[in-house]
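*Asks:*
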Amino acid sequence: PGYGTIINMIGTLAVSCVSEGSRCYDLGCSLAAAALAMRSGAAGRDCQVVAVDNSVAMLERAQELLSASEEGRDIELVCADLRDIEVRDASMVVLNFTLQFLPLDVREGLLRSIWQGMRPGGVLVLSEKIALEDPQSQALFVEMHHGFKRAQGYSELEISQKRSALENVLIPETLATHRMRLQQVGFERVEVWFQCFNFISLLAVK
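The sequence shown begins at 1 in UniProt numbering and counts up one residue at a time.
(1) Which value, in whole angstroms, describes the spacing of the CA atoms of R88 and M118?
(2) When you compare each of D134, S22, F199, F194 to I10 by their alpha carbons, which one comes out closest?
(3) Given 8 Å as the limit, is there contact between the region 85-105 and the region 55-71, that is, 3 or more CB pairs closer than that?
(4) Alpha carbon to alpha carbon, what distance is there between I7 and A37?
(5) Exposed or buried, which one is V52 when buried takes at least 16 other CB atoms within 10 Å?
(6) Relative to the C-alpha of E188, which residue among F197, S160, V169, G122 is closest?
(7) Which word fits G72, buried or exposed, when buried means at least 16 other C-beta atoms lie within 10 angstroms of its C-beta?
(8) From the DSSP secondary-structure annotation, give me the bridge partner or partners of V192.
(9) With respect to the beta strand (DSSP E) encompassing E76, which residues constitute its N-terminal and C-terminal limits?
(10) Using beta-carbon positions only, say whether F97 and H145 come within less than 9 Å of one another.
Right under this line is the structure:
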């Protein structure tokens, strides 16, 4: 829930945050929606947008979608593990529901590497499914999310199968953990700019 809003607002953020001559990264890009939003938001500016994913099939589909627009044709698609990418001279980096699928012990190192490759004043958009510290709130938000899925036409079986498939693969953390880690690697300001149930997006400024 709220994914479309996050993508649209990434474009709005790019209007203010992408600087001339810099690079922008969409790490774990899937179909490169965030990359296209950044490129569109930074229209008229000399910047390079790089979209990274480790799925060849996903990038082939992304290429088809991007080729339909002038802005999309300027985006560089890279097939790689995002942990192997050297972020450099970046004014904007997006991790859109990507960090949550990485092992816990590599998350800080990845964020530190991103921070090191960013320009002063650069922004990181980190979108994640989080765990709530209060068990009752956690249970309520999970049920609300399932209700959202039902309203979208998902059956109970599909909801159950999706939940089982993500168990032990998607490892959510609390907002406090995300905030503390971002500050530990060097980001000066960390703000929640979007939340729907237990899905949030953070803006971290170097």
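Backbone N, C-alpha and C fix where the C-beta goes; we use that ideal spot for every residue, glycine too.
*Replies:* According to the data block:
(1) 6 Å
(2) F194
(3) no
(4) 6 Å
(5) buried
(6) G122
(7) buried
(8) L202
(9) 76-79
(10) no
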